[in-house]
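**Student:**
Chains as they are written, first to last, in this note's numbering: chain A, 70 to 285; chain B, 70 to 285.
(1) Mind listing the chain B neighbours of residue 150 of chain A? Cutoff is C-beta to C-beta under 9 Å, in chain order.
(2) Of the choices B/102, B/131, B/142 and B/134, whose alpha-carbon is the least far from that of residue 109 of chain B?
(3) On the DSSP letters alone, give me the boundaries of the alpha helix (DSSP H) that residue 237 of chain B sits inside.
(4) How long is the line joining the alpha carbons of residue 189 of chain A and residue 202 of chain A, rounded to whole angstroms?
(5) Determine which residues share a DSSP beta bridge with residue 253 of chain A and list them.
(6) Quick one: what's got a C-beta closer than 6 Å to residue 312 of chain A's C-beta in the same chain, skipping five residues either side?
(7) List the whole-angstrom C-beta distance separating residue 216 of chain A from residue 247 of chain A, where the pair is believed to meet the contact cut-off of C-beta under 8 Å.
(8) By how many angstroms is the C-alpha of residue 82 of chain B removed from the C-alpha of residue 152 of chain B?
(9) Give me the residue from B/200, B/280 and B/99 with the minimum Cα distance to residue 128 of chain B.
(10) Do the stretch 210-224 of chain B and the stretch 259-267 of chain B meet, that is, are 3 or more Cβ pairs less than 8 Å apart?
(11) So is residue 133 of chain B in contact with chain A if we call contact Cβ pairs under 8 Å?
(12) What are the residues of the stretch 165-191 of chain B that lie near chain A, defined by any Cβ-Cβ distance shorter than 9 Å?
(13) Can you check whether the C-beta of residue 203 of chain A is within less than 8 Å of a C-beta belonging to chain B?
(14) For residue 83 of chain B and chain A, any beta-carbon pair shorter than 8 Å?
(15) Of the residues A/157, A/176 and A/158, which one's Cα is nearest the Cα of residue 166 of chain A?
(16) State the Cα-Cα distance for the pair residue 52 of chain B and residue 211 of chain B, rounded to the nearest angstrom.
(17) Measuring only between beta-carbons, confirm whether residue 43 of chain B sits less than 8 Å from chain A.
(18) If I measure Cβ to Cβ from residue 206 of chain A and keep anything under 7 Å in the same chain, skipping five residues before and after, which residues do I get?
(19) Output the distance between the C-alpha atoms of residue 75 of chain B and residue 195 of chain B, rounded to the nearest integer angstrom.
(20) Out of A/158, A/150, A/179 and A/186, point me to the one whose CA is closest to residue 170 of chain A's CA.
(21) Going by C-alpha to C-alpha distance, which of A/134, A/227 and A/231 sits closest to residue 96 of chain A?
(22) Report the rounded CA-to-CA distance for residue 131 of chain B versus residue 227 of chain B, giving the unit in angstroms.
(23) Roughly how far, in whole angstroms, is the beta-carbon of residue 204 of chain B from the beta-carbon of residue 156 of chain B, given that I think they are within contact range, below 8 Å?
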């Protein structure tokens, strides 16, 4: 994958969409500059998850934006998603890679140095540094890593990386300066009054930092 | 599949295992006469589900008893299970068959005549008639079908069938007499003081009814 696809990574949460459909928020966010979308569902049936994945896949294909499915490899296979994102308590990475094939994207959450050292020995496409800050949108997280954690992990990792957890326009620049290739956000876009504008604002901050860093 | 494999179908529920491991209960049940096992997990991580599936697959392979995974096609693929059982709100049947291949078992729960008519047009391996009686082990069920429902559905269905929901030694014979090829049980074995003996007792009842019916 192109590491620029990680720059502004939207992770969905329908409970934060203020009553709007996921497609409505995701389409607005993509128009604003989101570079990748992860469908995360924790409390719906497999049928609902599948139908939502099919709708998003169709929508995102028009914009050439990759769709990543959180945890559920079967849903990813069923909708021909571009990849899967797994955490440390999801299916083991080798199992996912084997079933998904080498042409799909597999991202892995890392929560500490040990996780990064394990990831370095795997052909994962990117790591999600989780959580950078405290967040209310995911309650089963490891301790916050902070900006020092992001610096340490990006220095150690051989893979592209994205920070996640409590990131918004007020701290997005720091994550990029700490070495991450991008930021992943949930509520900063899902719950924005204007998701397109929120995405555009975040993208502008990232573009500016990436340019300053000489990585663009 | 051989329809005799449906005769005594154990569906797991670790919360009903009285503190024993699933493997311990399943192995005893298989020694008692269980002919097929479905791993059903609703409240654990994908990693835990996968590890349990791998352990059961290894155990059951020794006894040549098929392992079916409830709902989660990815877990079935990951552990090379013998099949998947899907309900009406799981992944659509054609998607599951396509990803699993024609040599694996796919079972489908039916809750009314319409579901059976749809199933009749599909190459499902068996149907699960659900729920026959009221049950406390699954709370999201459709209305109970009763023995009349089992008679009606088995007459209508072109596929082998198993009844599920509130079945135990006291009503197992009636399910077979109503036309089902087998019974699926959860608590009647999972919560038995002696799962091997409980399975043996159920198997004896089924064998006797199958013999009387002239289907054996």
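Ideal placement from N, C-alpha and C gives every residue a C-beta, glycine not left out. No experiment lies behind these values; they were computed from the predicted model shown.
**Tutor:** Let me lay it out:
(1) Annotation: residue 150 of chain A has no Cβ neighbours in chain B at a cutoff of 9 Å; minimum Cβ distance is about 12 Å.
(2) Comparing alpha-carbon positions, the option among B/102, B/131, B/142 and B/134 lying closest to residue 109 of chain B turns out to be B/142.
(3) Careful: residue 237 of chain B lies outside any alpha helix (DSSP H) and carries neither H nor E.
(4) Those two C-alpha atoms are separated by around 23 Å.
(5) Paired residue(s): A/78 and A/233.
(6) Chain A is shown only over 70 to 285; residue 312 of chain A falls outside these bounds and no answer can be derived.
(7) Yes, they are in contact, since the Cβ atoms of residue 216 of chain A and residue 247 of chain A sit about 5 Å apart, within 8 Å.
(8) Answer to the nearest angstrom: the Cα atoms are 18 Å apart.
(9) Out of B/200, B/280 and B/99, B/99 has the C-alpha closest to the C-alpha of residue 128 of chain B.
(10) The stretch 210-224 of chain B, when compared against the stretch 259-267 of chain B, does not touch it at the 8 Å Cβ threshold.
(11) Not an interface residue.
(12) Sequence-ordered contacts of the stretch 165-191 of chain B with chain A read 165, 167 and 168 [C-beta pairs closer than 9 Å].
(13) Chain B has no Cβ within less than 8 Å of the Cβ of residue 203 of chain A.
(14) Interface flag for residue 83 of chain B against chain A is unset, since no Cβ pair is found closer than 8 Å.
(15) For residue 166 of chain A, the nearest C-alpha among the options comes from A/176.
(16) Here chain B comprises residues numbered 70 to 285, so residue 52 of chain B is not present and cannot be evaluated.
(17) Residue 43 of chain B lies beyond the residue range present for chain B, which begins at 70 and ends at 285; the question has no answer from this structure.
(18) In chain order, 82, 85, 255 and 256 place their CB closer than 7 Å to the CB of residue 206 of chain A, counting only its own chain and leaving out the 5 sequence neighbours on each side.
(19) So the two alpha carbons sit approximately 8 Å from each other.
(20) Cα-wise, what sits closest to residue 170 of chain A is A/150.
(21) When each option's Cα is compared against that of residue 96 of chain A, the closest is A/134.
(22) Computed Cα separation, rounded: 32 Å.
(23) In this structure residue 204 of chain B is not in contact with residue 156 of chain B, their Cβ atoms being roughly 14 Å apart against a cut-off of 8 Å.
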